[in-house]
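Start counting the sequence shown at 1; every next residue gets the next number (our numbering). Glycine included, every Cβ here is placed at the ideal spot set by N, Cα and C.
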Amino acid sequence: MNQRLVDQFCEMIRIDSESGNEAAMIAYLADYLTRRLGARCVVDAYGNLVAYWPGKNSNAPPILLACHADTVKPGRGIDPWVDGGVVRSRGNTILGADDKAGIAEVIEAIRTAPVHPPIEFAVSRQEEVGLHGVKNLDYSLITAREGYLLDGDTLDTVVIGGPTYVAIDVKVTGKAAHAGMEPEKGINAIQAAARAIAALRLGRLDHRTTANVGVISGGIVRNGVPAETTFAAECRSLDDEKAIALGEEMTRLIRLEVEAAGAGVEVSSDVMCHAVGIPAESPVVQICLEAIRSVGLAPRTTYITGFTDASIYNNRGIQTAVLGIGAVNEHSTDEQIAVAEMEKAVRILHRIFELKA
């Protein structure tokens, strides 16, 4: 077992970095990569980190490696432990392998590679809450036109496409009244919101398209007609036009149904990222597949209707594939990762370096 890799990973796991609170993690990385690995590090105005290494026995063009620094909740006070070659959280928290295992794998790969092209390593913040870090990244710091994002799960899979994602936030305004004494004087904001939600097409609409309402909040007391309700909806599709049209349909139906209930409504819609796909025959994908084969796995490519920082890198003209980190049960308190999988991920990166050098 690579004890240095495990120790590095666990050290980062103990640094709290829930989305929006990544400053300590970014500062740790900037210091560590500068002092221990000789990197030149820049933190941009949004708090993202970009680290640079010249080529090692290589004069090839630079490549981008990318991860994110933030974790989902509950991610404070994580206590990692290693049991039978598997790293888990000892408490009622996530582990944070997503994406600190990816960071640890990149660090170990760069530390131990006999050869690599010039490397630009971008570590974004606020990925888990809407890709805010990568969307606000200072792209003048990036010169690479080809990227490898360490943020997938299984090592045998290369993600080559992601969806258009539309976030829809709704505020419904009714009129307060006493629910027992004079309900007829009120306008129930929860009921108006429920009417709108019931009119929406939700769930898996086809093999490329989904829609959901994930959060609803309203009311103050049981015996009051609620004056305000908010809810958060989304839609996504691997077909950009379909996602945009579905977002417009949802917005139209929400307005129609809420206003029909006599309430007021404010709807904001934000296209978080646009659908992107990399041809399976492209060099960046073929290199990933060859690197995965080199560790004895049978590689495959896939599209996902989840989204990663790769969507934005690709939207910005940096052709970026997503590689697995080897973790399972991400975003849950059962999250875990086998050290053997992390070691294999390092070997995959070594092979990519060889092929790109």
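Review point. Taking glutamate 266 as the reference, which of Leu297, Thr229, Ile26 has the closest Cα?
Key: In the sequence shown, the residue the question calls residue 266 occupies position 266. Nearest option by C-alpha distance: Thr229.
Check your understanding: Should leucine 150 be flagged as near chain C, meaning a C-beta pair shorter than 8 angstroms?
Key -> In summary, chain C is missing from the structure at hand, where a single protein chain is found.
**Study point:** Rounded Cβ spacing between alanine 233 and alanine 189 (contact assumed at less than 8 angstroms)
**Key:** Against the sequence shown, residue 233 aligns to sequence position 233. Against the sequence shown, residue 189 aligns to sequence position 189. About 16 angstroms separates the two Cβ atoms, so there is no contact after all.
Exercise for review: Go to glycine 247, then tell me how far its alpha helix (DSSP H) extends in each direction, as first and last residue.
Suggested key: On the sequence shown, position 247 is the one that residue 247 refers to. Where glycine 247 is concerned, the enclosing alpha helix (DSSP H) stretches over 240 to 260.
Review point. Does the beta-carbon distance from glycine 38 to glutamate 22 come in below 8 angstroms?
Key: For the purposes of this step, residue 38 is taken as residue 38 along the sequence shown, with counting starting at 1. For the purposes of this step, residue 22 is taken as residue 22 along the sequence shown, with counting starting at 1. Taking 8 angstroms as the Cβ cut-off, glycine 38 and glutamate 22 do not qualify as a contacting pair.
Point to revise | Of the residues Glu248, Ala192, Gly147, Gly20, the one placed nearest glutamate 120, counting alpha carbons only | key: Taking the sequence shown and counting its residues from 1, the one referred to as residue 120 is at position 120. The candidate whose alpha carbon is nearest that of glutamate 120 is Gly147.
**Study point:** Test item: CB-CB of leucine 64 and isoleucine 142 under 8 angstroms
**Key:** For the purposes of this step, residue 64 is identified with residue 64 of the sequence shown, where counting begins at 1. For the purposes of this step, residue 142 is identified with residue 142 of the sequence shown, where counting begins at 1. Closer than 8 angstroms, so yes.
Practice item. Taking alanine 260 as the reference, give the member of Ala194, Pro163, Asn57 with the closest Cα. Key: As a working mapping, residue 260 is identified with position 260 in the sequence shown. For alanine 260, the nearest C-alpha among the options comes from Ala194.
Exercise for review: With a threshold of 16 other CB atoms inside 10 Å of the CB of histidine 68, please say whether the residue is buried or exposed.
Suggested key: Within the sequence shown, residue 68 is the residue found at index 68, counting from 1. Flag for histidine 68 reads buried.
Check your understanding: From aspartate 334 to glycine 91, what does the alpha carbon distance come to, in whole angstroms?
Key -> As a first step, residue 334 is located in the sequence shown; it is residue number 334 there, counting from the start. As a first step, residue 91 is located in the sequence shown; it is residue number 91 there, counting from the start. Their backbone Cα atoms lie some 10 angstroms apart in a straight line.
**Study point:** Short Cβ contact (8 angstroms threshold) for alanine 66 with leucine 5
**Key:** Indexing the sequence shown from 1 puts residue 66 at position 66. Indexing the sequence shown from 1 puts residue 5 at position 5. No, the pair does not count as a contact, with Cβ atoms beyond the cut-off.
Practice item. Say whether the region 213 to 224 touches the region 273 to 289, bearing in mind that this needs 3 or more beta-carbon pairs closer than 8 angstroms, one atom from each stretch. Key: no
Point to revise | 8 angstroms Cβ shell around isoleucine 244 - same chain, five flanking residues per side excluded | key: What you label residue 244 is simply residue 244 of the sequence shown in a count that begins at 1. Here the set comprises Thr164, Val166, Val271.
**Study point:** Length-filtered (4 minimum) alpha helix (DSSP H) runs lying within the region 74 to 153
**Key:** 97 to 112, 132 to 135
Check your understanding: Does the pairing of the region 273 to 285 with the region 237 to 251 give three or more beta-carbon distances under 8 angstroms?
Key -> yes
Practice item. Measure the CB-CB distance between valine 339 and aspartate 151 and report whether it falls below 8 angstroms. Key: Along the sequence shown, one-based indexing puts residue 339 at 339. Along the sequence shown, one-based indexing puts residue 151 at 151. No, the Cβ-Cβ distance between valine 339 and aspartate 151 is not below 8 angstroms.
Practice item. Could you check how far apart the C-beta atoms of leucine 29 and aspartate 309 are, in whole angstroms? I think they sit under 8 angstroms. Key: For the purposes of this step, residue 29 is identified with residue 29 of the sequence shown, where counting begins at 1. For the purposes of this step, residue 309 is identified with residue 309 of the sequence shown, where counting begins at 1. At roughly 16 angstroms, the Cβ-Cβ gap does not stay under 8 angstroms, so leucine 29 and aspartate 309 are not in contact.
Exercise for review: Would you give the residue range spanned by the alpha helix (DSSP H) that serine 311 belongs to?
Suggested key: Within the sequence shown, numbered from 1, the residue matching residue 311 stands at position 311. 309 to 315 is the extent of the alpha helix (DSSP H) around serine 311.
Point to revise | Unbroken beta strand (DSSP E) run spanning valine 380, endpoints | key: With the chain represented from 1 up to 357, any question about residue 380 goes unanswered, as that position is not in the structure.
**Study point:** Closest by C-alpha distance to lysine 356, when choosing among Lys100, Lys56, Ile13, Ile26
**Key:** Counted from its first residue, the sequence shown places residue 356 at position 356. Per the Cα distances, Lys56.
Point to revise | Pick from Leu137, Gly75, Ala211 that is closest to glycine 203, judged by C-alpha positions | key: If you number the sequence shown from 1, residue 203 lands on position 203. Per the Cα distances, Ala211.
Exercise for review: Can you give me the Cβ contacts of glycine 247 inside the same chain, cut-off strictly under 7 angstroms, excluding the 5 residues immediately before and after it?
Suggested key: As a first step, residue 247 is located in the sequence shown; it is residue number 247 there, counting from the start. Cβ within range, chain order: Val166, Ile168, Cys235, Ser269.
Review point. With a CB to CB cut of under 8 angstroms and the five nearest residues on each side skipped, what residues in its chain are close to valine 285?
Key: Translated into positions along the sequence shown, residue 285 becomes position 285. Cβ within range, chain order: Val158, Ile160, Ile278, Pro279, Thr301, Ala321.
Check your understanding: With respect to the beta strand (DSSP E) encompassing tyrosine 303, which residues constitute its N-terminal and C-terminal limits?
Key -> By one-based count along the sequence shown, residue 303 stands at place 303. Residues 300 to 303.
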